[in-house]
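First residue of the sequence shown? That's 75 in the numbering used here, and the numbers climb one at a time after it. For every residue, glycine included, the Cβ atom is placed at its ideal position computed from N, Cα and C.
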Amino acid sequence: MPDKDTTPMSELTPREIVSALDKYIVGQNDAKRAVAIAMRNRWRRAQLDSAMRNEVTPKNILMIGPTGVGKTEIARRLATLANAPFVKVEATRFTEVGYVGRDVEQIIRDLADAAVKMFREQAKARVQNRAEEAAEDRILELLLPKRRGPGYPVELSDSPTGESDTRSKLRRQLRAGELDDREIEIELHPNQSVDIMAPPGMEEMGQQLRQMFQSMGSGKPQVRKLAIKAARPLLMEEEASKLLNDDEIRAEAIDACEQHGIVFIDEIDKVAKRGDTGGGEVSREGVQRDLLPLVEGSTVSTKYGVVKTDHILFVASGAFHVARPSDLIPELQGRFPIRVELQALSQADFRRILSEPDNALTRQYVALMGTEGVSLEFTDDAIDRLAEVAYQVNERQENIGARRLHTVLERLVETIAYEAPDRSGDSIRIDAAYVDGQLGQLVGDEDLSRYIL
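Shown next as structure tokens:
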């Protein structure tokens, strides 16, 4: 039998992944297919025996395309689909060691943090019922009358049967929320974990300092007087923490980082060396050379342990308006074998963006105005006209892709949004004539559209 990796991974097929992305992102099928295949390959690799699994390395992806066409949105949706550690970073936040900026190894530390958080939440979900019962028992102990000492007459409530009946009655009331406003005095043991920000490369020393400060903690409980409604989640959190095995969570998180981690590096074109400019070129090329060991495969020390990056999937993206992919250092280019070019959005794409996705902007505005009691409706000809306006402004001014729709729509509904609290119960129909009335002058005047749209 092959030694299979049992770390949780998404079992969606490439077709299902593309369908899931289609709900939120219009077009860009090549990019969706590349990402879907890469995610499925992570699952396929997990099914191999350990010897072959170590030989299969991920095929990193470089997405190339103008701003506002869906590169970052693909990353956002990928994070929700991938049942695996995922982190998105901006390449511009990092600089070569010795310059002002973050060390690139912080990317892997952020990935480890995301993995530990993910596995901790999963572990808490598994013990939630036990934690709820334990928290209930602690509350009931505080609510039940104290047993009388020797010399006092025995009452019915002091008998085991009477106490059991009282406890059952209180438990029913507690679960029904009838006791939420009653105040109780609880003891909470403070979390003894201490976060030490160790300098890069000295995480082991930071771990030792954390352990030292934890051992110095007295562990003296804090006494707080709270309503049961406020005390219950605190007690549940404490009881859940008692049931968790931190060492096991960390070990699982490190393994998930190494075997299934996904890193999305945005704006990678901003650290490409441009032949016709000077200034920060040394720092930019230094960032690439610092990224290279991570992408090739190296070890990074984190506060949870050492993470090997050999099998982490890297997805990079950039507009490459000024620089070109060939301006990246050759070694880094070779580590991103899959190149996907995203297309600029057409007027038809804008129309689909406004009407098809589950989170379409028009639906968002309808929902927002609905909270004020205003019924908002966008007609088909209004959506056509909005798409045309956004496309025209992009053609005349800087092409910022779908982000132009945010600007245009915000301007369109500005008056409605301002007057909505005074128009509760009204029905407002936005058609092409309304769009022209609100935006016609701005679109026609190039100087105005440059600064407002």
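Asked: From Ala186, Asn115, Pro159 and Glu312, residue whose alpha carbon lies closest to that of glutamate 207; Found: Glu312
Asked: Pair within 7 Å by beta-carbon distance, alanine 464 and valine 482; Found: yes
Asked: Straight-line gap, glutamine 515 to valine 509 (C-alpha atoms, nearest Å); Found: 11 Å
Asked: Helix, strand or coil at valine 163 [DSSP, three-state]; Found: strand
Asked: Any 3 or more C-beta pairs closer than 8 Å across the region 98 to 110 and the region 370 to 388; Found: no
Asked: Local Cβ density within 10 Å of aspartate 454, reported as buried at 16 or more and exposed below that; Found: exposed
Asked: Residues bridged to lysine 382 (per DSSP); Found: Thr373
Asked: Alpha carbon of alanine 189 to alpha carbon of phenylalanine 160, nearest angstrom; Found: 8 Å
Asked: Assumed close pair aspartate 340, threonine 146 - CB separation to whole angstroms, cut-off 8 Å; Found: 6 Å
Asked: Proximity winner among Thr141, Asn134 and Leu244, relative to arginine 478 (alpha-carbon distances); Found: Thr141
Asked: Straight-line Cα distance separating serine 498 from valine 448; Found: 5 Å
Asked: Contact the region 129 to 138 vs the region 296 to 316: 3+ CB pairs below 8 Å; Found: no
Asked: For isoleucine 148, the nearest candidate out of Thr87, Met113 and Ala422 (CA to CA); Found: Met113
Asked: Leucine 402 and alanine 105 closer than 7 Å at C-beta; Found: no
Asked: Among Arg398, His334 and Ile427, the one whose alpha carbon lies nearest that of isoleucine 561; Found: Coverage of the chain is limited to positions 75 through 527, which leaves residue 561 absent and any answer about it impossible.
Asked: Reduced DSSP category for lysine 303 - H, G, I as helix; E, B as strand; rest coil; Found: helix
Asked: Bridge-paired residues (DSSP) for serine 391; Found: Met137
Asked: Supposed close pair valine 389, isoleucine 336 - CB separation, criterion 8 Å; Found: 7 Å
Asked: Integer-rounded CB distance, given that leucine 368 should sit under 8 Å from leucine 406; Found: About 10 Å separates the two Cβ atoms, so there is no contact after all.
Asked: Inter-residue spacing [alpha-carbon to alpha-carbon] between serine 501 and asparagine 103; Found: 38 Å
Asked: Sub-7 Å separation of arginine 241 and leucine 214 beta-carbons; Found: yes
Asked: Reduced DSSP category for valine 100 - H, G, I as helix; E, B as strand; rest coil; Found: coil
Asked: Within 7 Å, strictly: CB atoms of lysine 347 and arginine 358; Found: yes
Asked: For glutamate 415, the residue or residues it bridges with in DSSP; Found: Ile138
Asked: Through-space distance from isoleucine 258 to glycine 225, alpha-carbon basis; Found: Here the model assigns glycine 225 a pLDDT of 49, short of 50, so the residue's position is not dependable and the matter cannot be decided.
Asked: contact_flag[the region 315 to 327, the region 191 to 204] where n(CB pairs < 8 Å) is 3 or more; Found: yes
Asked: Span separating the alpha-carbon of glutamate 229 from that of glutamate 261; Found: Only weak support exists for where glutamate 229 lies, its pLDDT of 49 falling under 50; the coordinates are left without a value.
Asked: Residue from Tyr439, Arg150 and Val381 with nearest C-alpha to aspartate 488; Found: A small correction: the amino acid at residue 488 is glutamate; aspartate does not occupy that position in the sequence shown. Residue Tyr439 is the option with its Cα nearest to glutamate 488.
Asked: Backbone secondary structure at valine 178 - three-state DSSP; Found: coil
Asked: Opening and closing residue of the alpha helix (DSSP H) in which valine 482 lies; Found: 477 to 486
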